[in-house]
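Notes follow once the structure below has been shown.
Laid out in structure tokens, this is it:
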């Protein structure tokens, strides 16, 4: 089996003990970003699985959009990324 050489780790252990790999990330062609998919992308960047620039280019995120996602997850958790929670947070 051939493994593609990459400069980042193939898997990381999150603070809650779960292991995250690149295959856990949503596909790049995802049209609708659910809160759980947004949170996966932010967790991957914060844990060092992918870089912030990689996440922004792969998922077509602007600087502001990425910053909003990151602030929401860090300040209020994954639930704050839901579209129905915009007024609450």
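Residue numbers (the working numbering): 8 to 96.
A virtual CB, placed ideally from N, CA and C, is assigned to each residue, including glycine.
Every value quoted in this text rests on a predicted model; they were computed, and no experiment measured them.
*Meets three-Cβ-pair contact criterion under 8 Å: the stretch 81–92 and the stretch 55–67*: no
_Neighbourhood of residue 25 by C-beta distance below 6 Å, restricted to the same chain and skipping five residues each side_ = Cβ within range, chain order: n/a, list empty.
*Three-state secondary structure (DSSP) at residue 61?*
helix
*Per DSSP, residue 18 is paired with what?*
28
_Count Cβ pairs between the stretch 28–38 and the stretch 72–81 that sit closer than 8 Å; are there 3 or more?_
no
*To the nearest angstrom, how far is it from the Cα of residue 67 to the Cα of residue 51?*
16 Å
_Cβ neighbour criterion (16 or more within 10 Å) applied to residue 90_ = exposed
*Looking at residue 48 and residue 62, is the spacing between their C-beta atoms short of 8 Å?*
With a cutoff of 8 Å on beta-carbon distance, residue 62 and residue 48 are scored as near each other.
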